[in-house]
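Residue numbers for the sequence shown follow this note's numbering, so the first one is 104 and each next one is one higher. Worksheet: one structure, shown below.
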Amino acid sequence: MKIGLFSDTFYPQINGVANSVLILKENLEMFGHEVYVFTTTDPKASNNEKNVYRMPSIPFASARRLGMFYHPRLVRFIKSLELDIIHTHTEFSLGIFGRAMARKFHIPLLHTYHTIYEDYTHYIVKFRMLDFIAKNTARKISANFCNSVDRVIVPTEKVRDLLSVYNVERPIFVVPTGIELKKFANVNKKSATVQNLRTDLAIEADDQVLLYIGRISEEKNIAELLLSLRSYLAENASVKFVLVGDGPERNNLEELTKQLGIDKQTLFIGERPWDEIGIYYQLGDVFISASQSETQGLTYIEALASALPVVAKADRCLDGVLQNDVNGYVFYGAEDFVQFINRILDSERKKECLSLGAIQSVERFSATYFARAIEAMYEGLLDEHKKLYHVS
Numbered sequence: 104m105k106i107g108l109f110s111d112t113f114y115p116q117i118n119g120v121a122n123s124v125l126i127l128k129e130n131l132e133m134f135g136h137e138v139y140v141f142t143t144t145d146p147k148a149s150n151n152e153k154n155v156y157r158m159p160s161i162p163f164a165s166a167r168r169l170g171m172f173y174h175p176r177l178v179r180f181i182k183s184l185e186l187d188i189i190h191t192h193t194e195f196s197l198g199i200f201g202r203a204m205a206r207k208f209h210i211p212l213l214h215t216y217h218t219i220y221e222d223y224t225h226y227i228v229k230f231r232m233l234d235f236i237a238k239n240t241a242r243k244i245s246a247n248f249c250n251s252v253d254r255v256i257v258p259t260e261k262v263r264d265l266l267s268v269y270n271v272e273r274p275i276f277v278v279p280t281g282i283e284l285k286k287f288a289n290v291n292k293k294s295a296t297v298q299n300l301r302t303d304l305a306i307e308a309d310d311q312v313l314l315y316i317g318r319i320s321e322e323k324n325i326a327e328l329l330l331s332l333r334s335y336l337a338e339n340a341s342v343k344f345v346l347v348g349d350g351p352e353r354n355n356l357e358e359l360t361k362q363l364g365i366d367k368q369t370l371f372i373g374e375r376p377w378d379e380i381g382i383y384y385q386l387g388d389v390f391i392s393a394s395q396s397e398t399q400g401l402t403y404i405e406a407l408a409s410a411l412p413v414v415a416k417a418d419r420c421l422d423g424v425l426q427n428d429v430n431g432y433v434f435y436g437a438e439d440f441v442q443f444i445n446r447i448l449d450s451e452r453k454k455e456c457l458s459l460g461a462i463q464s465v466e467r468f469s470a471t472y473f474a475r476a477i478e479a480m481y482e483g484l485l486d487e488h489k490k491l492y493h494v495s
């Protein structure tokens, strides 16, 4: 098949959508398909990308980019490709362009709904009294786009239920995004690379590490983690909280750690290259998060693939991912959050059992399984389209 993927974000940007599109492209190509990515320009992008076409763009909210909604040269090129399937990954510029191309050239159209935009309206609306209007608008934009495609793909039941509340009437299919498991499983915590990294970060040999990897932003709810850890870190000098990532809340949260008196044990080390991220998971003893804005939470799955027990705040995206006393714990408040961390860090045997459970729990999230599931959806929709239009 000839497949067109349209996304406002793509490698080398570091986020769940960019990673998902990259993994899908690479695996579909391994299956023998021709895959073309249409995305935004990025100053960090390589000049030697295979079948990646970038439209002029400008920086937008939350470190994203907004591309042109139409590009005549690319229209002619897309026509010449004779694509079999178009798969959009955004409801905005490149998604709108991809949908226009599907309509213009009568190409079957699938859409993956990656982001719950009503959780991100604070980047645009600075006045709380207008937030309700912004959230309602975000819901309508999401519903209108999803109702304009042939099929909708979502990563979890949580998102399918949400789109039903939005009154999305198109067929919705749950396909969890996969990850390259080997990228995380093939790194040894005791390797010289990891040990040198610990030394560079002034993490002592006997220190235990609570780890967070992701955006340092309001919707990730990191302040709740810091407030919950205040007394615990004060009582456990050999425990460090390491945050890998960057974002608009970093300065505010660094100031908060000073106010709480835990700045010496809290390390904000900034964004790191995606190709090296597997090494950073090996810094941790426990992966922690209080985010409520995830559609799937790929960092949880990456942590589990890295043999890290996960302690995360209850959220429906964790259904079928996090199992209490098997690969980590779901917490509801500060008291059980600290209790679960204690349970893991105070017992090497418990940590080893949860680490083994973590590895065993992620097999179904492999990149190959994910891409095969999407491939089957493409084939089914293409057959349906051929019958409908009597195409041989």
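Glycine included, every Cβ here is placed at the ideal spot set by N, Cα and C.
Taken in chain order, the complete beta strand (DSSP E) segments of 3 or more residues contained in the segment 407-493 are 413-416 and 431-434. At a Cβ-Cβ threshold of 8 Å, G281 and Y472 count as neighbours.
Annotated as proximal: G107 and I181, with beta-carbon spacing under 8 Å.
R318: not part of any beta strand (DSSP E); DSSP gives it neither H nor E. By the CB criterion at 8 Å, E327 and D349 fall outside the cutoff.
Beta-bridge pairing by DSSP links S160 to G170.
DSSP lists no bridge partner for G198.
Per DSSP, R273 lies in no beta strand (DSSP E) segment and is marked neither H nor E. DSSP places T296 in the uninterrupted alpha helix (DSSP H) bounded by A295 to D303. With a cutoff of 8 Å on beta-carbon distance, G436 and V413 are scored as not near each other. D428 and Y384 have their alpha carbons spaced roughly 20 Å apart.
R202 and I189 have their C-alpha atoms roughly 8 Å apart.
Here the segment 346-366 does not lie against the segment 275-290, with fewer than 3 beta-carbon pairs under 8 Å apart. Contact check for R242 and E221: beta-carbon distance about 6 Å, within the 8 Å limit, so the pair qualifies. Measuring C-alpha to C-alpha distances from F371 to each of I447, L411 and I316 identifies I316 as the nearest.
Checking the DSSP bridge columns, you'll see H214 partnered with T191 and V255. Shown here for R263: same chain residues with a beta carbon closer than 6 Å to its own, the five before and five after excluded, namely V257, I275 and V277 in chain order. G400 sits close to L421, with the two beta carbons spaced by under 8 Å.
The alpha carbon of L407 has as its nearest neighbour, out of L266, E283 and L484, the alpha carbon of E283. The residues V414, Y432 and F434, in chain order, have a CB closer than 7 Å to that of F443 in the same chain once the five nearest residues on each side in sequence are set aside.
Collapsing the DSSP output to three states places G119 in a helix. Taking a cut-off of 8 Å on C-beta distances, the segment 336-343 touches the segment 303-311, as three or more cross pairs fall below it.
D378 and A470 have their alpha carbons spaced roughly 16 Å apart. Of S123, I117 and M133, the smallest CA-CA separation from D145 is found for I117. Closest option to L125, judged by alpha-carbon separation, among A474, F208, D439 and K490: A474. Between L484 and R254, the C-beta spacing is below 8 Å. For T369, the enclosing beta strand (DSSP E) starts and ends at T369 to G373.
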